[in-house]
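Those sequence lines, one after another, are chains A and B.
For what it's worth, the numbering used here labels the leading residue of the first sequence as 167, then goes sequentially.
For what it's worth, the numbering used here labels the leading residue of the second sequence as 167, then goes sequentially.
Protein chains: 2
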Amino acid sequence: MSDDRRLDVLRAIVEDYVATQEPVGSRSLLDRHQLGVSPATVRNDMAVLEDEGYITQPHTSAGRIPTDRGYRLFVDRLSTVKALSPAERRAIETFLTGAVDVDDIVQRSVKVLAQLTNQVAIVQYPSLTRSTVRHIELVALEGSRILLVVITSSGRVEQRIIELAETPTENLIADMRSRITRATVGERLPEASLRLADLIQTFETNDRPVVTSIVTTLTLTFSNERSDERIAVGGTANLARFGSDFDTAIKPVLEAMEEQVVLLKLLGEATSGLSVRIGSETGHESLASTTVVSSAYGSDDLALATLGTVGPTRMDYPATMAAVGAVARYVGRTLADN
Amino acid sequence: MSDDRRLDVLRAIVEDYVATQEPVGSRSLLDRHQLGVSPATVRNDMAVLEDEGYITQPHTSAGRIPTDRGYRLFVDRLSTVKALSPAERRAIETFLTGAVDVDDIVQRSVKVLAQLTNQVAIVQYPSLTRSTVRHIELVALEGSRILLVVITSSGRVEQRIIELAETPTENLIADMRSRITRATVGERLPEASLRLADLIQTFETNDRPVVTSIVTTLTLTFSNERSDERIAVGGTANLARFGSDFDTAIKPVLEAMEEQVVLLKLLGEATSGLSVRIGSETGHESLASTTVVSSAYGSDDLALATLGTVGPTRMDYPATMAAVGAVARYVGRTLADN
DNA sequence: GACTGGCACTTGATGGGTGAGAGTGCCAAG
DNA sequence: CTTGGCACTCTCACCCATCAAGTGCCAGTC
C-alpha cells in the first residue's frame with residue numbers, strides 16, 4: 167500500500183524535475199500533485215527512496231533529484247506511453263512522404279525527429295549488410311576503366327570506378343556481368359560475397375586478373391564499412407537544453423557526434439523494440455548526464471538500421487520514446503514503399 | 167611617423183587580445199611588446215585609435231578590444247602571412263592522399279581543417295554546375311526501369327533510376343545513349359542541359375515519350391540543387407572556444423551549421439583568393455562575433471567549390487588564413503590528380 | 001503502526017558594503 | 001611630441017548578514 171504511494175512520489179519527483187529542472191522538495195511537490203498526505207509523510211517516503219538509491223540530494227538542505235536508477239524505474243514501470251498528437255503524426259507523415267531517395271529519407275527523418283523531441287537526433291543509413299543485391303551492372307568507360315554499379319534492396323546505389331591493367335573485351339564484360347548477376351542477385355550481401363569467391367575459378371586463366379580485380383572491388387563494396395556506418399546527425403542547436411556547463415554537458419556530446427564509431431555504439435544493438443540507455447548505462451563516462459533513446463527500424467521482419475535521440479537524462483521520457491518509436495515506424499514504412 | 171607607431175599599437179592590441187582574450191591596457195601591452203615609448207604615449211595613441219573606430223572599451227576603466235574595423239585593418243595591412251610548419255604541411259598531405267573518392271576527400275579535408283585551426287570547418291562538395299560531363303550511361307534494368315549514370319569531371323558519380331511507362335527496345339537505348347553522349351560529353355552542365363532540350367526533336371515521334379522522360383531526369387540531375395549544395399561540417403566541439411555564453415555565441419553558429427542555405431551564403435562568392443568576413447561583414451546579425459575565413463578551391467583555372475572555417479572574431483588570423491589557403495590548395499591538387 | 005504538526009537546523013542564494021587592482025584621461029613639464 | 005604624475009572610474013572578489021526552502025526528527029494523534 168504505502169509502497170504504491172512511494173512509487174507515486176517517485177513519479178511525481180521525476181515529472182516535476184523534468185518540468186522545472188530544479189530539485190523538488192516535499193512542499194512544492196504537493197503543490198503540483200494531490201497525494202492526499204502531508205509534507206511530512208512525503209518526506210518519510212523520500213528518505214526511503216533515497217536509501218534505495220532512486221533519488222538524491224545535491225546538498226543537505228535541498229530538494230531531491232532522480233538518480234539514473236530512479237529514471238530507470240520510471241521508464242520501466244511508472245510512465246505511460248504518451249501518444250503523439252494527430253498534428254505530430256501528420257507532420258512526420260507529410261515530411262517523409264516528400265522524400266525522393268534513401269538519402270533524402272534519412273535526412274528528413276533526422277530533421278523531423280530533432281524537431282519533435284527538441285533533442286539531438288541521429289539516424290543510421292539503412293545497412294547494406296542486411297539488405298540483398300537487387301541489380302549489378304558493369305559498364306566499360308574510356309580506356310581500361312570500368313564502372314561498377316550495385317543496387318541493393320534498400321534502394322541504395324553504390325558505384326565504383328575500377329582501373330584495370332588491360333582492357334577487357336565486350337564479350338568478357340557481358341559474360342562477367344551475367345555470371346555475377348546469377349551468383350549474387352537476391353542474396354544477402356555477406357552471402358553474395360561468399361558466392362563471388364567461388365566464381366573466379368570458373369573463368370579462363372587468361373581472364374582471371376580482370377575478374378579478380380572486379381570481384382575484389384565488388385566484395386569490398388559489399389562489406390563496405392564506410393557506407394555501412396554512415397550516420398546523419400541533426401538538431402545540435404538543441405544542445406542548449408542540455409545544461410549550462412559547456413565542458414561537462416555539451417562538449418562531450420559534440421565530440422561523440424563527430425566520432426561515427428562512438429555514435430554507432432550508442433545507437434547500438436537496439437533490438438526490434440525501443441531501447442533507452444540512461445546516464446551511466448550508455449557506457450561512456452563523459453555522457454553521464456545523457457540519455458540515448460533508440461529504436462531499430464526496417465520493413466516488417468528485417469531490421470535495416472537504427473535511429474534515435476541523444477538528450478539530457480532529465481528529459482521527457484514518454485514523449486521522447488513515443489516520438490522515436492513513431493519516426494522509426496514511419497521510416498520503415500516509407501523505405502518499404504520505396 | 168607616429169602614424170606608423172599607432173598601427174604598431176593596433177597590431178599589438180590585436181595580437182595580445184587574441185592571445186589572452188582579455189582587454190589589453192597600456193601597461194600590460196608594453197610588458198609584451200617593446201615599443202620604446204611610455205604608457206602615456208600608448209594611451210594617447212589608443213585614444214586616437216578609439217576615435218577612429220578601430221578599438222573600443224568594454225567599460226570606462228578597462229583595457230581596449232579591437233572592433234570589427236580594427237580586425238579588418240589588421241587583416242588587410244598589419245598581418246604577415248604565417249607559413250605553415252613542415253609538420254602541418256605533411257599532416258595535410260598524408261591525410262588527404264589516403265582518400266579513395268570525392269566524398270572521402272571532402273570528409274578528410276573537413277577533419278584536417280578543423281584540427282589545424284581549432285575551429286569549425288566547412289567544406290562544400292565540388293560543384294556540379296562548374297564541372298563538365300565526362301561520361302553518360304543508360305542501362306536497362308528489369309521491367310521498364312532504366313538506370314541512368316552521370317560521371318562528371320570532378321569525379322562525382324550521380325545515378326538515377328527511371329520508371330518508364332513502356333519498355334524501350336535495346337536499339338532505342340543504345341541510340342539514345344550515343345546521341346546523348348555526343349551532345350553532352352565535354353560540356354559544362356548548364357550548357358549540356360541546353361543541348362539536351364534540342365535533342366528531343368531529333369527522335370521519332372513514337373519514341374518521344376521515353377526520350378522526354380529520360381532527358382527530363384537528366385536535366386534535373388544536371389541542375390540538381392541538392393547535391394550541388396551538399397556541405398560537410400566538422401570540428402563543432404571547437405565551439406567551446408567561441409565564448410562562454412551559449413545563447414549568443416554558440417547557439418547561432420550551431421543553427422547556421424544546420425541550415426545549408428545559410429552556410430552556402432557564408433562560404434559565399436569567394437573569388438579565387440582568400441576571403442575573410444569579420445563580424446558584421448558576415449551579414450548575419452546573430453554571427454556578430456564570428457568570423458568566416460573561406461577560399462575557393464579547384465584545379466588550375468576552374469574553381470570547383472569553397473571551403474573555410476567559422477571562428478570567433480577574436481581568432482589567430484594569420485594562422486587561420488594560412489591553414490585555409492593551404493588546405494584549399496591541397497584539396498584542389500588532390501581532386502585534379504583523381 | 002501509519003500519519004501529522006511542529007521545530008530546530010542546514011545550506012545555497014541574494015544583496016549591500018568595502019578594498020584592491022587595473023586602467024583611463026588630462027595636465028604641466030621636458 | 002613625449003612623458004611622469006595624479007585624480008578618477010570601474011569591475012571584481014570578498015565578506016557578511018539575511019532569507020527562503022528544505023530537511024530530519026520527535027512527540028502526539030487516529
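By construction, the Cβ of each residue, glycine as well, lies at the ideal position given by its N, Cα and C atoms.
Cβ of Lys431 (chain A) within 7 Å of any chain B Cβ: no
Three-state secondary structure (DSSP) of Gln367 (chain B): helix
Same chain, Cβ closer than 6 Å to Ala178 (chain B), five either side skipped, listed in chain order: Leu195 and His199, listed in sequence order.
Through-space distance from Ile221 (chain B) to Pro232 (chain B), alpha-carbon basis: 4 Å
Proximal residues of chain A, C-beta to C-beta of His301 (chain B) below 8 Å: Within chain A, the residues Leu307, Glu308 and Leu313 have their CB atoms less than 8 Å from the CB of His301 (chain B), given in chain order.
Against chain B: residues of the region 406 to 421 of chain A by CB proximity under 8 Å: Ala406, Ser410, Phe412, Asp413, Ile416, Lys417, Leu420 and Glu421
Within 7 Å, strictly: CB atoms of Ile175 (chain A) and Asp211 (chain A): Residue 175 (chain A) is actually Val in this sequence, not Ile. Yes, Cβ-Cβ distance for Val175 (chain A) and Asp211 (chain A) is below 7 Å.
Cβ pair Pro478 (chain A), Ser452 (chain A) closer than 7 Å: no
Interface partners of Ala403 (chain A) on chain B, CB under 7 Å: Lys417, Leu420, Glu421 and Glu424
Ranges of the beta strand (DSSP E) found wholly within the region 314 to 375 of chain A, counting only runs of at least 3: 323 to 329
Within-7 Å CB hit, Val323 (chain B) to chain A: Residue-level contact by beta carbon holds for Val323 (chain B) and chain A, with a gap shorter than 7 Å.
Burial state of Gln367 (chain A) (16 or more Cβ within 10 Å): exposed
Residue closest to Leu476 (chain A), alpha-carbon to alpha-carbon, out of A:Gly498, A:Arg499, A:Ser465 and A:Glu447: Position check: residue 476 (chain A) holds Val in this sequence, whereas Leu was assumed. Out of A:Gly498, A:Arg499, A:Ser465 and A:Glu447, A:Glu447 has the C-alpha closest to the C-alpha of Val476 (chain A).
Unbroken alpha helix (DSSP H) run spanning Gln273 (chain B), endpoints: Val268 to Thr283
Other residues of its chain near Gly445 (chain B): CB distance less than 6 Å, five sequence neighbours each side excluded: Asp234, Ala454 and Thr479
Arg348 (chain A): CB within 6 Å of a non-hydrogen atom of the ligand ADP: This structure lacks the ligand ADP, and indeed carries no ligand of any kind.
Rounded straight-line distance, which links the Cα of Leu279 (chain A) to that of Glu181 (chain A): 22 Å
Nonlocal neighbours in the same chain, by C-beta distance under 8 Å from Pro122 (chain B), ignoring five residues either side: The question about residue 122 (chain B) has no answer here: the residues shown for chain B are numbered 167 through 504.
Of the residues B:Val493, B:Glu370, B:Met342 and B:Met481, the one placed nearest Gly474 (chain B), counting alpha carbons only: B:Val493
His450 (chain A) versus Val381 (chain A): straight-line alpha-carbon distance, rounded: 40 Å
Separation of Arg322 (chain A) from Asp267 (chain A), as counted between CA atoms: 8 Å
Inter-residue Cα distance where the pair is Glu218 (chain B) and Thr318 (chain B): 51 Å
Residues of the region 489 to 504 of chain A whose Cβ lies closer than 7 Å to any Cβ of chain B, in chain order: none
Exposure label - Leu386 (chain A); buried when at least 16 CB within 10 Å: exposed
Whole-Å CB distance - Arg407 (chain B) paired with Asn284 (chain B), under 8 Å assumed: 6 Å
Assigned secondary structure, Pro418 (chain B) (DSSP; H/G/I helix, E/B strand, else coil): helix
Per DSSP, cross-strand counterpart(s) of Gly474 (chain B): B:Ile288 and B:Ser460
Three-way DSSP call (helix, strand, coil) for Arg177 (chain B) in this model: It is helical.
Residue nearest to Val243 (chain A) in terms of C-alpha spacing, selected from A:Phe388, A:Ser465 and A:Arg172: A quick correction: the sequence has Arg, not Val, at residue 243 (chain A). For the residues A:Phe388, A:Ser465 and A:Arg172, the minimum Cα distance to Arg243 (chain A) belongs to A:Arg172.
Separation of Asp341 (chain B) from Leu362 (chain B), as counted between CA atoms: 14 Å
The alpha helix (DSSP H) enclosing Arg255 (chain A), as first and last residue numbers: Pro252 to Thr263
Helix, strand or coil at Ala492 (chain B) [DSSP, three-state]: helix
Per-residue burial, Gln187 (chain B) [other beta carbons within 10 Å of its own, 16 or more giving buried]: exposed
Three-state secondary structure (DSSP) of Glu391 (chain A): Confidence at Glu391 (chain A) is low in this model, with a pLDDT of 45, below 50, so the placement of that residue should be treated as unreliable; the coordinate-derived value is given next. Helix, per DSSP.
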